[in-house]
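Reading through the structure tokens given below for one structure.
Residue numbers (the working numbering): 33 to 301.
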């Protein structure tokens with residue numbers, strides 16, 4: 033007797049998705065992936081995204097943005113769900129911490145990568161419990177120092193790594209102190225944003241009403257010692273037209289309205 037077999041369709045899961053809930057299709061495929069966001073998972077200060085396949089589908093590739101992520105050994109795994117964990121204040125999911133895969137939605141294998149450099153290579157961890165997952169997230173969090181810069185923070189004020197005056201559950205000790213404006217070249221006012229407790233990495237910038245202003249072409253893996261916003265000296269609204277990030281040298285970003293800040297050369301500032 034010949035037994036029929038069902039061929040499962042291999043699909044791509046994009047772990048960079050930012051929607052809270054819904055479905056998406058990758059490329060021209062008709063197979064849908066259900067996306068669900070869960071806040072404060074597995075602990076306060078983090079968020080979890082669950083990508084669940086529908087129909088006779090299995091995960092063939094895990095992708096972030098336009099790059100395939102490696103090291104998951106998905107061949108013959110029959111993986112049907114992918115979870116990914118981020119910092120809660122990582123508003124546009126720029127920095128995935130941990131990825132989990134499962135074939136039965138009961139037991140998961142967890143993967144992480146070198147977070148000190150831009151890499152697509154992930155390695156399997158020995159995480160087997162929620163406590164171990166929390167500990168690993170905390171370990172990565174402490175090593176990365178990821179911060180949202182607050183464009184509109186008041187002078188002589190202090191804010192935290194989440195860009196607000198409310199201390200987050202993650203990085204509660206990182207504070208950004210904002211200076212009085214300083215006159216630069218007679219036409220600019222300069223506002224210093226100086227972190228306490230060492231250097232930081234910049235996720236993005238936020239403004240009034242929690243508006244997100246992306247940093248285009250920024251480097252998430254460079255550690256900066258300070259940030260500096262510039263306005264025209266005659267601008268009473270203090271609209272920040274330029275951002276300088278300092279490490280061993282300086283990077284400059286020009287404000288482009290709702291599109292955020294884009295990189296410019298130093299000789300163009």
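The beta carbon of each residue, even a glycine, is placed where N, CA and C say it ideally should be.
Predicted model, so just to flag it, every value in this text is computed and none were measured.
Around the beta carbon of residue 87, fewer than 16 other beta carbons sit within 10 angstroms, so the residue counts as exposed. For residue 39, the closest C-alpha among the options 108, 239 and 219 is that of 108. DSSP, reduced to helix, strand and coil, places residue 194 outside both helices and strands of the structure shown, so it counts as coil. Distances from the CA of residue 155 to each of 141, 161, 162 and 148 were compared; the closest alpha carbon is that of 141.
The region 238-252 makes no contact with the region 200-215; the number of CB pairs closer than 8 Å stays below 3. Within the region 197-239, no complete alpha helix (DSSP H) segment of 4 residues or longer occurs. Secondary-structure assignment with DSSP links residue 130 through a beta bridge to 117. Judged by their CB atoms, residue 47 and residue 83 are nearer to each other than the 8 Å cut-off. Judged by DSSP in its simplified three-state form, residue 110 adopts coil rather than helix or strand. Take the alpha-carbon of residue 293 and the one of residue 234: they are about 12 Å apart. Counting along the chain, no beta strand (DSSP E) covers residue 167; the unbroken alpha helix (DSSP H) around it starts and ends at 162-176. Residue 79 is bridged by DSSP to 71 and 118.
In the three-state DSSP reduction, residue 242 falls in the helix class (H, G or I). The bridge partners DSSP lists for residue 95 are 46 and 100. Residue 228 counts as exposed, since fewer than 16 other C-beta atoms from the protein chains shown sit within 10 angstroms of its C-beta.
Bounds of the beta strand (DSSP E) holding residue 277 are 274-278. In chain order, 152, 153 and 154 place their CB closer than 8 Å to the CB of residue 102, counting only its own chain and leaving out the 5 sequence neighbours on each side. In the three-state reduction of the DSSP assignment, residue 153 falls in the strand class, which pools E and B.
In the structure shown, the three-state DSSP call for residue 182 is strand. Burial state of residue 53 is exposed, judged by a 10 Å Cβ sphere holding fewer than 16 other Cβ atoms. By alpha-carbon distance to residue 174, the top candidate from 133, 224 and 148 is 148. Here the alpha carbon of residue 49 sits roughly 44 Å from the alpha carbon of residue 218. Around the beta carbon of residue 65, 16 or more other beta carbons sit within 10 angstroms, so the residue counts as buried.
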